[in-house]
Amino acid sequence: MVFKIELNKRQEQILQIVKDNGPITGENIADQLNLTRATLRPDLAILTMAGFLDARPRVGYFYTGKSGSQLLTDNLKKLHVKDYQSIPVVIGEGISVYDAIVTMFLEDIGTLFVVDKKSLLVGVLSRKDLLRASIGKQELSAIPVNIIMTRMPNITMCMKEDLLIDVANKLIEKQIDALPVVRETEQGFEVVGRITKTNITKAFLALANESL
Numbered sequence: 001m002v003f004k005i006e007l008n009k010r011q012e013q014i015l016q017i018v019k020d021n022g023p024i025t026g027e028n029i030a031d032q033l034n035l036t037r038a039t040l041r042p043d044l045a046i047l048t049m050a051g052f053l054d055a056r057p058r059v060g061y062f063y064t065g066k067s068g069s070q071l072l073t074d075n076l077k078k079l080h081v082k083d084y085q086s087i088p089v090v091i092g093e094g095i096s097v098y099d100a101i102v103t104m105f106l107e108d109i110g111t112l113f114v115v116d117k118k119s120l121l122v123g124v125l126s127r128k129d130l131l132r133a134s135i136g137k138q139e140l141s142a143i144p145v146n147i148i149m150t151r152m153p154n155i156t157m158c159m160k161e162d163l164l165i166d167v168a169n170k171l172i173e174k175q176i177d178a179l180p181v182v183r184e185t186e187q188g189f190e191v192v193g194r195i196t197k198t199n200i201t202k203a204f205l206a207l208a209n210e211s212l
């Protein structure tokens, strides 16, 4: 999906004036449009904040030369995991599959992160893992989650400073719903958050709405 940054007619006119005459002051732009500076100020602010224009004191406005798609790409590269991650739900590797199912239901999530006695990441449990374990006649309360979980080093992870767009690509590539956000220690990886498809969708929609 590609989000298009749409400008109104007056904003398009302002952009064209700046393209043809920049650097140009706000007063000169207002004169060419037969508008007051106060009337023009909100449009100039929007174009500047969106990245179409740049402004320098006592000089005027410049056209940045960037298209709407370029600006959107630039903005996507400013979104980091740390700004959108949510609280992780972790369980011990010794708890039963039954208890894991209950936890997932009560927390209303699709992924659980499994940690050892040192609180270090050792596995990931998805809805599919628990569903597969539930098929048949096994006693779920007697099966520990470490039997069915995805183990290290086969866990896809991310860190707080990673770009959200890169994490989105990982989720699509691996066909999973969530990633643990980790911090590397001398002993292993500590879970400090989670990033989900829902987190990313909210972030991208917020960005798209700001750009419209």
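The letter at position 99 of the sequence shown is residue 99 when you use UniProt numbering, and the numbering goes up by one with no holes.
Positions of the beta carbon are idealized from the N, C-alpha and C atoms, including for glycine.
Sorted by chain position, which residues of the same chain lie with C-beta nearer than 8 Å to residue i's C-beta, five sequence neighbours on each side aside?
i: K160; result: H80, V81, K82, Q85, V181, R183, V192 and G193
i: G110; result: M104, S126, R127, D177, A178 and T196
i: T150; result: G123, V124, L125, S126 and D129
i: I200; result: Y84, L164, V167, A168 and L171
i: P144; result: E93, G94, I95, S96 and V97
i: E107; result: V89
i: N34; result: none
i: T36; result: A30
i: I135; result: none
i: I87; result: G193 and R194
i: I46; result: Q11
i: Q16; result: none
At the level of alpha carbons, what is the spacing between residue i and residue j?
i: F3; j: I165; result: Interpretation of F3 is limited by its pLDDT of 43, a score under 50 that renders its predicted location unreliable; the figure taken from the coordinates is listed afterwards. Approximately 14 Å, taken between the alpha carbons.
i: L212; j: V102; result: A caution first: L212 carries a pLDDT of 43, below 50, which makes its placement in the model unreliable, though a value can still be read off. Whole-angstrom Cα-Cα distance: 42 Å.
i: G65; j: A30; result: 21 Å
i: N154; j: L120; result: 15 Å
i: K78; j: L140; result: 44 Å
i: P186; j: A100; result: Note that residue 186 is Glu in the sequence shown here, rather than Pro. Computed Cα separation, rounded: 28 Å.
i: T198; j: L205; result: 10 Å
i: Q32; j: E190; result: 60 Å
i: T39; j: Q11; result: 12 Å
i: L44; j: A50; result: 10 Å
i: A203; j: D162; result: 14 Å
i: L131; j: M152; result: 21 Å
Run through the DSSP bridge pairs and tell me what residue i is partnered with.
i: S96; result: P144
i: T196; result: A178
i: L53; result: Y63
i: F189; result: E184
i: V18; result: Beta-bridge pairing links V18 to no other residue.
i: I109; result: DSSP lists no partner for I109.
i: S126; result: T111
i: S134; result: Bridge partners of S134: none, in fact.
i: residue 213; result: Nothing about residue 213 can be read from this structure; the chain reaches only from 1 to 212.
i: S86; result: R194
i: L121; result: V115
i: L163; result: H80
i: R151; result: G123
Thinking C-alpha only, which one of the options is nearest residue i?
i: I148; options: D162, R127 and V167; result: R127
i: V90; options: D99, F113, V102 and E107; result: F113
i: V59; options: D116, N154, E27 and S141; result: E27
i: L53; options: N8, A142, L33 and I14; result: I14
i: A142; options: E12, S96, L131 and A50; result: S96
i: Q138; options: Y98, E190, Q175 and I87; result: Y98
i: V115; options: G188, S134 and I87; result: G188
i: K174; options: D162, M157 and L205; result: M157
i: P42; options: N8, S134, D162 and R132; result: N8
i: T25; options: P57, G136 and Q16; result: P57
Only counting the same chain, and skipping five residues up and downstream in sequence, which positions put a Cβ closer than 6 Å to that of residue i?
i: Y63; result: V18, K19 and G22
i: N146; result: E93
i: M1; result: Below a pLDDT of 50, predicted positions are generally treated as unreliable, and M1, at 40, falls in that range; the measurement from the model is reported next regardless. If we look at M1 and ignore the five residues flanking it on each side, it has no Cβ neighbours.
i: A133; result: V97 and I148
Leaving aside the five residues before and after residue i along the sequence, list all residues of the same chain whose C-beta is less than 7 Å from its C-beta, in chain order.
i: A55; result: T48 and Y61
i: K118; result: Q187
Cβ of residue i versus every heavy atom of the ligand NAP: is any distance shorter than 8 Å?
i: T196; result: Absent from the structure shown: the ligand NAP. Ligands present: none.
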